[in-house]
Every structure is written in C-alpha cells, then in structure tokens.
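Asker: Per this note's numbering: the sequence shown = residues 298 to 1115. Let me give you the structure first, and then I'll get to my questions.
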Amino acid sequence: MGYRALPLAVAISITLVSNVLPQLAKADAARVDKLVSEMSLDEKITLLGGIDDFYTRPIERLNIPRIKMTDGPNGTRVNGESTAYPAGVLLAATWDPKLAMREGEQLGRDARARGCHVLLGPGVNIYRHPRCGRNFEYFGEDPLLAGEIGAGYVNGVQSQGVSATVKHFAGNNQELDRNASTSEIDERTLREIYLPAFKRIIDQAHPGAIMCSYNRLNGTYASANRWLLTDLLRDEWKFNGIVMSDWGAVHGTLGPLMSGLDLEMPRPDNWSIEKVKPLIENGVASPDVIDVKVRRLVSWMDRFGWLEKEIKDESIPLNNPEGARVALEVARGGLTLLKNENAVLPLDKRAINSVVVIGPNAKPTPVGGGGSGYTSPFDSVSIVQGLRSALGEHRVTLIQTNAVDKLVSHPVIDAGSITAEYFPNENLEGAPVVKRGEPAIRIRPLPSGKESVVEGLAPGKFSVRYRATITPGGDADFTFFTRSDDGVRVLLDGRNILDDWGDHAAHDRSAVVSVKAGQPYLLTVEYFDSGGEASLEFGCGPMPQVFEPGDLQKLRDADAVVFCAGFSQQTEGEGSDRSYALPDGQDDLINRVAQENAKTIVVLNGGGSCDMAPWIDRVPALLHAYYAGQEGGTAIADVLIGAVNPSGRLPFTIEKQLSDVPSEGHWGNAGVVEYVEGLFVGYRGFDRKNLEPRFPFGFGLSYTSFELGEISAKFDGEAIVVSVDVSNTGSRDGASVVQCYVEPPADELIRPVRELRGFEKVELRPGEKRHVELRIPRTDLSYWDVQTHGWKLTPGEYGFVVGFNSRDLAKSVTLTVE
C-alpha cells in the first residue's frame, strides 16, 4: 500500500512496536491531579519558565525532575559533538516516511545518551521562497509531503521515550524581522497550505510538544494568539501535549498567559513569580489558568515516563555507529540528480584516471546550515575524502580556491597594532573587564555557557572592541570580510563601512573600500554575543588570487572535475535570510572551470534553489546535495561513481529566475509580510501561471529508467484507491517515487490546477514490476470554505493523474465524487 494507506504509527516495524508505548500511553490523571494539588502557587509558577537555556525547573520535594532539552532538528547539538544527520530538506527529498522514522529513532537514542528528555524538532514550515534562511531545516513546499515526513520523524523520536517538538507554529517563512513581523495569511491559505503539516503530524504521531513561532500571525504574536493555540490547536485539533515558546518569543505576561501557551523558554522573563503572582492575587487571572498549564506539563512528564525513570541511557554510545549508518542511508536516499547530459555520470571507476575536486565546499564539506539547526559532528567526511576512499588517493586531486579563507588567514594589519577591550554586556558600555593586545581579530567558536573569551568575563552576553592600524603598500581595493555569530561592525577612520549589528547565526558579510598607498588607517572592529554560540572571523586586504600556478593545467588534464558549490553554515542559517546568488564569486569560478574541462560536475549545497542561470547551461551534470550531514562525502562519492543509484526527488520547485517565484515581490519585508500569492506556493503557482520551471517539484534523475502501466481508481469506503503498475525498464537497481496529483472539477471556485495527494517510493530490480496502491481519503479532496469556516467537498468529476514529478504526469483517470 502507499504511504497514505495507513497511519504511520501502524506502519512501524515490529521491532519497534514495544518502544512506541511511551508515545501512545496516556497520563495517569489521578496521579497528575494529586501532584498539582500538592504544589504551592510559587512552585506552580516556577514550572512555567525555563532555566539555564535548555532546562525546566524541578520541584525536588515532589520528585518532579528537571527536564532537559536539546536542538534538533538535525542532531542533538546542545551538549557538544553529536551525530550530524542530513538536513530536513534532504530528508524530505527521500520521499520516504519510513526512513524518516528511522532517523527519528536514532535522534531519540542520541537524546537519551545525553540525558535529554525533549528534542526541539522537527521544523515543518513551508518553503515559500528560496532565500529563507531556515529552509534547510524544513520539509519543502508541499504540506502533504511535509506532514508525512514529519509524522515519520516524530514517531521515531518518540518511540525512544523522548518528546518531539513540532515547530514553528505558525507562519514563520522568513528570518528577516522574525521577532516583530506579522505574517498576514488569509483563512483559506492558512488552512490549506501552512497548517496541514502540523495537523497531519498531530493526528498520526501525537507529538508531545508544539513550539510557537517568533512572528505575529495576522497581527498577534503566536505566543499570545488564543485562536492559534487554544481555539484551533486544542479545541478543534484536540492536541493534548504542551505548547512552549521559541527562545525569547514571549512579549508580555497576561496575553500569553491567557492564550494557551504553557512554557516560556529559555527563562521566565515574562512569567516570573514577581510578574504572574500579582495577577492571580488581584483577580486579573484565575488560579485555574495556572493549574491547567501545570497539569499539562506534569501530564507530559507522566506520559513519557519521566516521573518514574531516568531518561539517560549510558549504554548508548555518544558517538553511535548505528546513528552514523542511518545518517549515511538518509544521505544516499535524498541526493537528487538534476542534470546528466551525455550520461557523464556515473563516473566509470575502472576507466577513470584523474578527478579534480575544486570549489569552496570541497573540504570541508558543510554538514548543515547555521544556527540551532547546525550540529557539530565528532567527525565528518568531505567530498574529497569520499572520492579518495572510492577511487584511491592517487586519482583524486584537490585544488583549494577559497580566497576568503586566504584573506582571513593573512589579513593586512600592521604588526603588533591590535588591541582589544572586553565588556561584560552586549553594548560596549562602561569600563572594560580586560584590555590587552591580541595576535588576531578572532573569536574561535565558543558553545554557550561553556567557556569565557577572557578570564573575568562570564560566558554568554559580552562585547569586544578591537582597534588596529593598516598601512597599504599600494593603492588598492581592500575587501573587509566578517563571519560572525552575532553582531559585528567595521569602521575605517571612524566611518562605518560594514554594519551587521544584530542577533543572528554565523554568516558572512563583506565590503570593498579603496585605500591609498602609505596612508595609515585606524581600523575598529566591534562585536557582541547575545547568547548561544560566539564566534568571529575577520580579514582585510586585496582579495587573493584563486588559482595557484599549475592549477589550470590540472583542470585540463582531468578526466572529470567535481565542483563543490553552494552555501554553508556561514552563508545560510537561522537569524537572517540568504542571497539568491551563490556567494564568494562562485558563478564566475564555475564558468572558468567549465571552460577548462567540459566534464565539470557541480555538486550543490543549500537549503533550496539558487540562481543557476549564470552556469547551468555550461556544465553537463548537477547533483543537489542539500546538506548531507556528517556522512555526506561518502554518499556523494557513492552517487558520482554509481555505487548508489540516485533516488532523491525535489521537495521544492526550482525556478528559472527569481521573478518566477510566486511569493517574489511580497516576501522578505520587515513589519507586514503579506502572503499575496495565497494558495499558489511552489508548483501550484507555476501551474496556475503556466510557467515552465527549471526543475519541477518531485523531479530527479536516475541511472535507470521507469515506466508506468495502466491506472485505475475506485472507491473504498471513505477513500479513493488509485492503482498503477510501475516497472524498472533499465539495467540497474533503482528507486523512483510514484506521485498522484488530484485535479478538482471545473467550477467558479479558485483552486490549484492539481495538488499532491499521494505518493510511494518504490525500489525495483531491472525488469521488476510492482503494483502500487495510493489510498486518498475523500476528505483530502475538500477545500476550506471561508463562508462556513469549515471543509467542503465540491461534487463532480475529479482527475487523478500519476507520474514521476509535478510536470511528468503520464497516466490519468477520472472519478465522479458526490
């Protein structure tokens, strides 16, 4: 049966069924009531706020434990190194909820190995625009795909007695101004596009927690939005877990208290005893409001067994080989081959003598995007390492081309001129704690709360001002480069030339300034850290040459060139949105390399699409690697040499130009963000305007070929069963994704031309045929009626079209639905 045939909880393998009990158990109501009745008001209030960034407060006299949380969604990152799984967007590209469940299971085990009760993932916000900084964490542009992958993930995590946290609820589709902007989304668009993934996961996986988003939704902060958190989530959807805030997303006391929020994280800035207790004592809020929240929190603990047993399992290795194996399997399953002219891939391992690997992501290869979605692995495999393991050291040559790294390594600063002042606040205020000379303008990455930059300065919130002198040897254009987590600004002779002063994950910024020979310039670099990880890198001077002598000849002589392009945790991540163009002059570099060698294969890292127009017609092959986690280099090499047949399929549409993106022009605004495109996100918008995408939603190439047989559809109770045979007509083992889209009957109602309503990933040997049945609930044919504020089915003739992507739909059948 297809993935729509049964709830995912039923599809869990027999070996895991016994582990699912904590997820399915109900809290002992009598026990919970007794514990709540024994608490003082002060104790109850203390449960409503976090402490020390990733903990809740214990009540030791009642044996209520301190609950420990960890980011998610791609690894248990809070307590140092951990298995770095592929990013969520790659997991979605597998189109395989069973594999998502296996990754979730390993994430749950990683959490237990570290004594963590709660994993802060998955993120299921819809891919609305390619520049969103957190697209890499999410599951693509379609709510059905996002919901099915998310349900598998949550079922896996919770099978280990660890609570998943589905986020960010709701309308968080950009990072710009995320703490204040309002997502203006009409009722129907909310119901049909931005809410269904959350609803599907709640129905199929019963997550322990939901995290509300930073932004406002239709004018009201999500943390204070009673319609969102109570009327919809609890009363209509019957969600019985807890709702926590995103970190620092609560902006008041009474509003969030009355909204349905249960837990303010990471600390009670608004829900302290001093702020909440007077509201109860003065009759502004009922004590029942507090009791309801406390009862939910204690029920959550009881449901997962945390009141009775220690979550930490020391029998699970911190560096777990089983997790690494699953990370590799997921990476192999999601890598997506988008172009393969003249069958340049796979590379023939027996015949190839020389491969050159080049590009900024060759070594190291990024395992993920930046921010809370980034996990530092114990070890990771770069593309260079993967290819050398597969082909042999002597056949793989690395050409280093990262001019920015060269600039940072040898900045043009007068020797001995750097001084630094360190302040115990974020604003460079008051007297510095320490003032001293420094060898470089740099702060190596520091995990939150673990170390201090200098003795006498508490970790966490601090700022530093560096001063130095630069005296150019000749007239030149100097590049000033920063990579920071959080804010940084650069001044030259008191003039602000680079300003990135804000709370954000690590990312790059640069500015170019003309300087005069022999003239000394006063350089000032100011930095602040607002918590989380602290890091700063700085470089300045003429941009170094990319190629060393002999590099171009190596390119010409190679049998093939693998260009490792794209973004990284420094250029894509939480807290800011990324560029559409590839960073660091990569477009020109790809074209230069392709000019030297016609067999140039681009391997692209990133959370979505980018501007491919400058080079896509000049290279014969393109592999989208998203962020493939710690085992990414091995998986990529396996695909390039044909040891693994690529089976990933795009979870988003790739446009030919940015103006084709349905939300372009009304995305990325500060303040009011209007979702003008409405329902027509991704392929829905391309279909409506009859625009040809560069690569359609659901697309991916294989080293073999597949063919569909005849299609049929029939009613089966409250569902329509669409049946089709799929055959492997090529010469290699391979997997493809059978996708079913539904076309509504013609009427005056504005609806998408077609929408994904079922899919199944099928693995086949050469010549093998498989019968696929996709079960589509009748209710999935409904639309949201804004007049009755409910779901409504239009009677009539529906089209059920089946194929291998949203534009390759070879088989169709109609069925009258009453």
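Virtual Cβ for every residue (Gly too), placed ideally from N, Cα, C.
Where does Asn-793 sit, in a helix, a strand or coil, going by DSSP?
Answerer: Asn-793 falls in the strand class under three-state DSSP.
Asker: Looking at Phe-1012: is its Cβ nearer than 9 Å to the Cβ of Asp-1105?
Answerer: no
Asker: Looking only at its chain, what residues have a beta carbon closer than 6 Å to the beta carbon of Cys-782, apart from the 5 residues adjacent to it on each side?
Answerer: The sequence given here places Asp at residue 782; Cys does not occur at that position. Same-chain partners within the cutoff: Ala-802, Ala-803, Glu-830 and Ser-832.
Asker: Is the separation between the beta-carbon of Leu-1071 and that of Phe-1056 shorter than 9 Å?
Answerer: yes
Asker: For Leu-1046, count the other beta carbons within 10 Å of its own beta carbon; 16 or more makes it buried, fewer makes it exposed. Which is it?
Answerer: exposed
Asker: Since Asn-902 sits in a beta bridge, which residues does DSSP pair it with?
Answerer: Gly-863 and Tyr-923
Asker: Compute the Euclidean distance between the alpha carbons of Ser-295 and Gly-385, then round it to the nearest angstrom.
Answerer: The chain is shown only over 298 to 1115; residue 295 falls outside these bounds and no answer can be derived.
Asker: Assuming Asp-856 contacts Asn-650 (C-beta within less than 8 Å), just tell me the rounded distance between them.
Answerer: 6 Å
Asker: Note down, one range per segment and in chain order, each alpha helix (DSSP H) of at least 4 residues found wholly within the stretch 582-610.
Answerer: 584-600
Asker: Quick one: is Gln-501 buried, meaning 16 or more other Cβ sit within 10 Å of its Cβ, or exposed?
Answerer: buried
Asker: Ser-1033 and Leu-1061: beta carbons closer than 9 Å?
Answerer: yes
Asker: Using DSSP bridges, identify the partner residues of Val-785.
Answerer: Asp-797 and Tyr-824
Asker: DSSP beta-bridge partners for Val-573?
Answerer: Val-573 is not bridged to any residue.
Asker: Hey, Gly-447 and Glu-402: beta-carbon distance below 9 Å or not?
Answerer: no
Asker: Compare the C-alpha of Gly-430 against each of Asn-376, Glu-834, Gly-905 and Lys-365 and name the closest.
Answerer: Gly-905
Asker: Below 8 Å on the Cβ atoms is my guess for Val-859 versus Val-654; work out the distance and round it to an integer in Å.
Answerer: 5 Å
Asker: In this structure, how does DSSP classify Tyr-877 when only helix, strand and coil are distinguished?
Answerer: coil
Asker: Below 8 Å on the Cβ atoms is my contact criterion, and I expect Glu-438 with Pro-948 to pass it. Report the Cβ-Cβ distance as a whole number of Å.
Answerer: 7 Å
Asker: For the alpha helix (DSSP H) that contains Gln-883, what are its first and last residues?
Answerer: In this chain, the alpha helix (DSSP H) harbouring Gln-883 covers 883-893.
Asker: Are Gly-836 and Pro-721 closer than 9 Å when you measure CB to CB?
Answerer: It is not a contact, given that the beta carbons lie outside the stated cut-off.
Asker: What runs of the beta strand (DSSP E), each 3 residues or longer, lie entirely inside the stretch 1040-1108?
Answerer: 1052-1061, 1066-1074, 1080-1082, 1087-1089 and 1093-1100
Asker: Taking the alpha-carbon of Val-751 as reference, which of Tyr-719, Gly-557 and Ala-389 has the nearest alpha-carbon?
Answerer: Tyr-719
Asker: Is it buried or exposed for Lys-590, if we count other Cβ within 10 angstroms and need 16 for buried?
Answerer: Lys-590 is buried by the Cβ-count criterion.
Asker: I'd like the span of the beta strand (DSSP E) that includes Gly-734, first residue to last.
Answerer: It spans 731-734 - the beta strand (DSSP E) in which Gly-734 sits, taken as one unbroken run.
Asker: Phe-777 by DSSP, collapsed to three states: which one?
Answerer: If DSSP states are grouped into helix, strand and coil, Phe-777 belongs with the strands.
Asker: Return the residue from the list Asp-800, Pro-355 and Arg-741 that minimises the CA-CA distance to Gly-828.
Answerer: Asp-800
Asker: Between the C-alpha atoms of Val-1059 and Thr-633, what's the straight-line distance to the nearest angstrom?
Answerer: 16 Å
Asker: In chain order, what residues of the same chain lie with their CB nearer than 6 Å to the CB of Leu-955, ignoring the 5 residues before and after it?
Answerer: Tyr-877 and Glu-961
Asker: Just checking my contact of Val-1039 with Gly-1096 at CB under 8 Å: how many whole Å lie between their CB atoms?
Answerer: 7 Å
Asker: Excluding sequence positions up to five away, which residues of its chain have a Cβ less than 7 Å from the Cβ of Phe-777?
Answerer: Val-787, Ile-794, Leu-795, Ser-807, Ala-808, Val-810 and Cys-837
Asker: To which residues does DSSP link Met-366 through a beta bridge?
Answerer: Val-415
Asker: Counting C-beta neighbours from all protein chains within 10 Å, is the total for Leu-318 16 or more, i.e. buried, or is it exposed?
Answerer: Caution is warranted here: a pLDDT of 38 is assigned to Leu-318, below 50, making its placement in the model unreliable, and the coordinate value is therefore given only provisionally. Leu-318 comes out exposed.
Asker: Distance, Cα to Cα, Val-1110 vs Ser-379?
Answerer: Answer to the nearest angstrom: the Cα atoms are 48 Å apart.
Asker: Would DSSP call Ala-648 helix, strand or coil?
Answerer: coil
Asker: Applying the 10 Å Cβ sphere with the 16-neighbour rule, what's the burial state of Pro-584?
Answerer: exposed
Asker: Skipping 5 residues on each side, what residues in its chain have a beta carbon closer than 6 Å to that of Val-899?
Answerer: These residues qualify, in order along the chain: Phe-860, Ala-862, Val-916 and Leu-919.
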